[in-house]
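Written below as structure tokens is the structure these notes are about.
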Amino acid sequence: SAVISQKPSRDICQRGTSLTIQCQVDSQVTMMFWYRQQPGQSLTLIATANQGSEATYESGFVIDKFPISRPNLTFSTLTVSNMSPEDSSIYLCSVEGTGGPSSYNEQFFGPGTRLTVL
Amino acid sequence: GIQVEQSPPDLILQEGANSTLRCNFSDSVNNLQWFHQNPWGQLINLFYIPSGTKQNGRLSATTVATERYSLLYISSSQTTDSGVYFCAVEGGAGGTSYGKLTFGQGTILTVHP
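Residue numbers (the working numbering), protein chains in the order written: chain A, 3 to 120; chain B, 42 to 154.
As structure tokens, this is what we get:
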């Protein structure tokens, strides 16, 4: 398994500002993932953060709006830029656990960052 | 991309009742997981089950990969079981989908005392 922490746990922000969310893992992982959960909705993948290369964004998400950093194998940040009320969501990071017999392993999620934009 | 459908969307039970939640997916998968999202928003891992059957206490799950569905069984439900249950899959398309989970819309479970 993996132990994941996120900061901040929640925040209330004004429109037009930016917020950077941090994700820290207790072990080295190759890929980290960022998801968004809008109110009453399911989770949607924003991007994959790889150490040493540009993040890979899913359809509908762009780097200018959601810049991602991945400075090492245990840490990543997601910035929500120029926020509007539509950005109010829970943002979660996830990683794959290590040590399984298969190339495809169980994924674990951080506790999430609950963002409200006024 | 792969499609994931969960049913029922809502479920209301009396404490002690049993229930079955279903997850259908549209393509082969390399990974299938069930999660419980608690009222604080945290996702709790229930099962990693790309195929076969697993049990953990009052919960069990079965995935029939060849028929593209998975079932989550909750027996003797308790009020603490309330929350949203998500099924998530990692599609079988190889490199392009590696590590990327596609979530169903969830089942909202309410257990009354």
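Even glycine gets a Cβ: it sits at the ideal position worked out from N, Cα and C.
Coil, strand or helix - residue i by DSSP
i	result
residue 56(A)	coil
residue 141(B)	coil
residue 73(A)	strand
residue 32(A)	coil
residue 108(B)	helix
residue 46(B)	strand
residue 88(A)	helix
residue 66(A)	coil
residue 94(B)	strand
residue 19(A)	coil
residue 68(B)	coil
residue 95(A)	strand
Residue i and residue j closer than 8 Å at C-beta
i	j	result
residue 119(B)	residue 109(A)	no
residue 147(B)	residue 125(B)	yes
residue 89(B)	residue 100(B)	no
residue 114(A)	residue 94(A)	yes
residue 63(B)	residue 47(B)	yes
residue 60(B)	residue 106(B)	no
residue 79(A)	residue 14(A)	no
residue 26(A)	residue 44(A)	no
residue 42(B)	residue 145(B)	no
residue 128(B)	residue 116(B)	no
residue 92(A)	residue 82(B)	yes
residue 76(A)	residue 16(A)	no
residue 18(A)	residue 85(A)	yes
residue 71(B)	residue 49(B)	no
Per-residue burial, residue i [other beta carbons within 10 Å of its own, 16 or more giving buried]
i	result
residue 89(A)	buried
residue 93(B)	exposed
residue 54(A)	exposed
residue 120(A)	exposed
residue 105(A)	In this prediction, residue 105(A) has a pLDDT of 47, which is less than 50 and means its spatial position is unreliable; what the coordinates show is noted afterwards. Exposed, by the Cβ-count rule.
residue 36(A)	buried
residue 40(A)	exposed
residue 65(A)	exposed
residue 97(B)	exposed
Reference residue i, options the options, closest by Cα
i	options	result
residue 78(B)	132(B), 143(B), 121(B)	121(B)
residue 143(B)	103(B), 151(B), 65(B)	65(B)
residue 5(A)	71(A), 22(A), 112(A)	112(A)
residue 97(A)	18(A), 9(A), 51(A)	51(A)
residue 102(B)	80(B), 123(B), 76(B)	76(B)
residue 28(A)	118(A), 71(A), 3(A), 107(A)	3(A)
residue 99(A)	32(A), 118(A), 116(A), 67(A)	32(A)
Any non-hydrogen atom of the ligand SAH within 7 Å of residue i CB
i	result
residue 128(B)	This structure does not include the ligand SAH; it has no bound ligands of any sort.
Rounded Cβ spacing between residue i and residue j (contact assumed at less than 8 Å)
i	j	result
residue 4(B)	residue 151(B)	Within the shown structure, residues of chain B are numbered from 42 to 154, placing residue 4(B) beyond reach of any answer.
residue 58(A)	residue 20(A)	Not a contact, Cβ separation roughly 21 Å.
residue 83(A)	residue 69(A)	7 Å
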